[in-house]
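In this note's numbering, the protein residues as written are 128 to 506.
Positions of the beta carbon are idealized from the N, C-alpha and C atoms, including for glycine.
The model shown is predicted, which means the values in this text are computed figures rather than measured ones.
One structure below.
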Amino acid sequence: MYVSTWPGLSPWHLFPSEAAGPFLFPLNASSQRTFFAARYGIYQLFRALRFQKDEVVLVPDYHHGNEVRAIRAAGVKICFYPIRRNLEPDIDQLERLSNLNNARALYVIHYLGWPQPMEELLSLCRRRGMLLIEDCALSLLSESNGKPLGKFGDYSIYCLYKTLPVPNGGLLVQNHNVLPELDRLELQPCGSASLTSRSLELTLEWLRSRYNNLGKALVAFKRAFGKVSAQFGIRRLPMGNSGFDLAHANIGASALSHWLLGHFDYQKIRQQRRFNYQYLAGRLADKATLLRTDLEGGICPLFFPILVPDKHAAARALWQRGIGAVEFWNEGDSEVNPEVFPDSHFLRAHVLELPIHPDVTPPQMDYMADQILRLKLHF
Ligand SMILES: Cc1ncc(COP(=O)(O)O)c(C=O)c1O
């Protein structure tokens, strides 16, 4: 069996579907720009905000790393604040840090679809006169009390390709103050090699989830072809990697990604992710340790996070059995010292994500749960 990490691109997605639903926020936001990847949208936003040398943004200690690199590349000073084991910040501590640093902006990450306490954070930002920037890279289509994530703050950023089967795309939304500099940006196309390669990978993922042996053989063939084409100097922009390359900061999302966005049924995607989360929770809840046990209405979970004693060993064992588990963030910024930030280090050591995108079927979820329990990978 093969359970892909990301939703695959099915040939049916290429045909405009009658079931395609209306655009939901942020796709219908009035002020939006799409970049090749989210990190370049973050970089351009911070550049356009023109931070002074001594102005600070508060950033969570539990982060991917690409968002931190993007903020630093824009020349902005960061002060890290701690995230607790329930994935939320301590508001009093945030307030103290904001006072101490006279912070100009608060950067919040909504982890895996679960919302941060937005009323409290908004009220803190109002009291302190801080800008609120919501990182929804992992939370497209998620809501809190009926309001879409990314609509609370001044600016928000999304990764389209994490929730949807599109080859690339980071979306930046400006909710209140539209920065003319962002509107004026001239973005370049990403190039056909990058686009074809990633689209083919997504199609092969879709195929392999259904016909593992055929899909596996075609993936091996594609990899070999990729190596040969690289020797002939054909370059592809990496997608989903760690790093920040200033040379890519002015590259836009592909026309194919934009075109595909008109073909999805967004309500159904959210329903399927919620159904899969609840199904897997039903299989694992009393046996393994789940990171979150709540799933309020409107949450669109990106993955199913569990806590495991040895994350690397568990991920390796699952990959050997065809399960595309993700190690939820191995490395943070070097400034985040484990003694000062113990909870994010705990999360980095123990959180493993299981795929629950709409392609994942109940037999595949039974298979994942069985493997975890049989191999005793859980706490
Ligand atoms: C929370 C968060 N923010 C921002 C990013 C940057 O996204 P991208 O890889 O599209 O640049 C990531 C990447 O995974 C992320 O996890």
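Cβ-heavy atom distance, residue i to ligand 1, below 7 Å
| i | result |
| --- | --- |
| alanine 200 | no |
| cysteine 286 | yes |
| isoleucine 205 | no |
| isoleucine 378 | no |
| isoleucine 499 | no |
| glutamate 194 | yes |
| proline 265 | Looking at the sequence shown, residue 265 is not proline but leucine. Checking every heavy atom of ligand 1 against the Cβ of leucine 265, one is found closer than 7 Å. |
| glycine 297 | yes |
| glycine 277 | no |
| alanine 164 | yes |
| histidine 385 | no |
| histidine 191 | yes |
| glycine 367 | yes |
| aspartate 460 | no |
Straight-line gap, residue i to residue j (C-alpha atoms, nearest Å)
| i | j | result |
| --- | --- | --- |
| leucine 422 | alanine 201 | 36 Å |
| aspartate 497 | isoleucine 450 | 12 Å |
| arginine 397 | phenylalanine 359 | 42 Å |
| lysine 349 | histidine 140 | 21 Å |
| valine 355 | proline 365 | 17 Å |
| leucine 299 | histidine 375 | 16 Å |
| arginine 363 | proline 482 | 26 Å |
| leucine 136 | leucine 383 | 12 Å |
| glycine 240 | proline 153 | 14 Å |
| proline 465 | cysteine 317 | 38 Å |
| aspartate 460 | proline 187 | 10 Å |
| isoleucine 426 | cysteine 286 | 16 Å |
| asparagine 295 | arginine 254 | 37 Å |
| methionine 495 | leucine 407 | 9 Å |
| leucine 265 | glycine 256 | 27 Å |
Candidates the options: closest to residue i by CA position
| i | options | result |
| --- | --- | --- |
| valine 235 | Tyr189, Ser271 and Lys204 | Tyr189 |
| tyrosine 167 | Asp493, Ile378 and Asp310 | Ile378 |
| histidine 472 | Ala156, Pro138 and Arg212 | Arg212 |
| serine 321 | Asn340, Val293 and Ile198 | Val293 |
| proline 275 | Tyr393, Ala230 and Leu327 | Tyr393 |
| isoleucine 284 | Leu214, His237, Gly192 and Asp310 | His237 |
| phenylalanine 173 | Lys204, Leu504 and Ala344 | Lys204 |
Simplified DSSP assignment, three categories, for residue i
| i | result |
| --- | --- |
| glutamine 301 | strand |
| tyrosine 208 | strand |
| alanine 232 | strand |
| glycine 379 | strand |
| phenylalanine 152 | coil |
| leucine 481 | strand |
| glycine 252 | A small correction: the amino acid at residue 252 is cysteine; glycine does not occupy that position in the sequence shown. In this structure, cysteine 252 counts as helix in the three-state DSSP scheme. |
| arginine 160 | strand |
Local Cβ density within 10 Å of residue i, reported as buried at 16 or more and exposed below that
| i | result |
| --- | --- |
| valine 435 | buried |
| glutamine 179 | exposed |
| alanine 440 | exposed |
| asparagine 272 | exposed |
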